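Encoded as structure tokens, the structure appears first; notes follow it.
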Amino acid sequence: MSPLTERIQEAHGLPHWRRATTVEADVTYGGPFWALKGVADLASTDQVVADVHRQHIRLAQPSGRVIEWDKESDVVTVTEPDGIVDRLEHPRASFDGFTGESKWSVRQAAYFRAYATWLYLIEAYVFTYPGVEVAETEPWAENGESWHVLRVTFPETIDVHSTTQLYYFNAGGNLVRLDYEPEVNGASPTAHYQPEHATVDGAVITTKHEVFVRNEDGTPNRSLMPISVDVTGITLR
179 MSPLTERIQE
189 AHGLPHWRRA
199 TTVEADVTYG
209 GPFWALKGVA
219 DLASTDQVVA
229 DVHRQHIRLA
239 QPSGRVIEWD
249 KESDVVTVTE
259 PDGIVDRLEH
269 PRASFDGFTG
279 ESKWSVRQAA
289 YFRAYATWLY
299 LIEAYVFTYP
309 GVEVAETEPW
319 AENGESWHVL
329 RVTFPETIDV
339 HSTTQLYYFN
349 AGGNLVRLDY
359 EPEVNGASPT
369 AHYQPEHATV
379 DGAVITTKHE
389 VFVRNEDGTP
399 NRSLMPISVD
409 VTGITLR
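Counting in this note's numbering, the sequence shown runs without a single skipped number right up to 415 at its last residue.
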């Protein structure tokens, strides 16, 4: 790791992440995005259990629906309250040809929800996964601050929004912004802010996510927040 990456990992509590096996939390998803995709009932608060050392996550929704995503098998499973199980194998491929206006099935929305939530809970620790490439790029000035920027390229063994993403860190080493172009949503430019964090058993986790469309000049379009994510009740095990 570079000196910057080492400082960031230290700020996020790397030794505590290495000892943990799961992150458990209540995760609330808001914003108009879910209705626009035809899955308005997914705007809810889920009980989430995410594995730290592999891409696997389980989300239990208030309706009784349970979502489970496992990258190794490349399957997302949706179990409805009546016990009916719906599986989608190789879910990323199901978005081929989709645009930002395309509607999603419940299985597709479940996949998006699952891999994204896993990534948001694990955060900077994912940089330590095999095959992840991290490089420092030009700093970014915003709100009177200068933020360090890391260009992170992910291998095919990890599902993320886009193969290469930009991570912005403030002077204290906290992750404050994330830029990507989600492949499942027509590669629409996105600026994802992370204004609040919590330290749980020595590990730092973002507790508030605010997702905006990104303008051509890199600034966010704050006239609308399509997605919000709030994380509470965090436990590391």
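We treat Cβ as the ideally placed atom computed from N, Cα and C, and that holds for glycine.
Small disclaimer: the values here were computed from a predicted structure and weren't measured.
W296 and T223 have their alpha carbons spaced roughly 15 Å apart. About 5 Å separates the beta carbon of R329 from that of A313, a gap short enough to meet the 8 Å contact definition. For Q343, the beta-bridge partners assigned by DSSP are V330.
In this structure, the alpha-carbon of H194 lies about 12 Å from that of I300. Comparing alpha-carbon positions, the option among Q225, E334, A221 and A381 lying closest to L414 turns out to be A381. Following the DSSP letters along the chain, one finds P317 inside the beta strand (DSSP E) bounded by residues E311 to E320.
In the structure shown, F390 adopts extended strand secondary structure according to DSSP, grouped into three states.
When DSSP states are grouped into helix, strand and coil, I235 belongs to the strand group.
The bridge partners DSSP lists for Y358 are T368. Here N393 has N399 as same chain residues with Cβ atoms under 6 Å from its own Cβ, once five neighbours each way along the sequence are excluded. Per the Cβ contact rule, the region 254 to 261 is not in contact with the region 341 to 361 (fewer than 3 Cβ pairs under 8 Å). Contact between P269 and V284 is ruled out by a C-beta separation of about 12 Å, above the 8 Å threshold.
Under the criterion of beta carbons closer than 8 Å, V244 and I235 do not qualify as touching, at roughly 11 Å. In this structure, the beta-carbon distance from L220 to R291 falls below 8 Å. The criterion of a C-beta distance shorter than 8 Å is satisfied by A287 and K215. Counting only the Cα atoms, E246 lies some 17 Å from S272. In the structure shown, the three-state DSSP call for R197 is helix.
If you ignore the 5 residues before and after D408, its C-beta comes within less than 8 Å of the C-beta of V205, T206, G208, T385, K386 and H387, all in its own chain and listed in chain order. In the DSSP annotation of this structure, the continuous segment of the alpha helix (DSSP H) that includes V284 starts and ends at V284 to I300. When DSSP states are grouped into helix, strand and coil, T413 belongs to the strand group. By the C-beta density criterion, G191 is buried, having at least 16 other C-beta atoms within 10 angstroms. Within the region 202 to 251, the complete alpha helix (DSSP H) runs of at least 4 residues fall at 211 to 214. Where L402 is concerned, there is no enclosing beta strand (DSSP E), because DSSP gives it neither an H nor an E.
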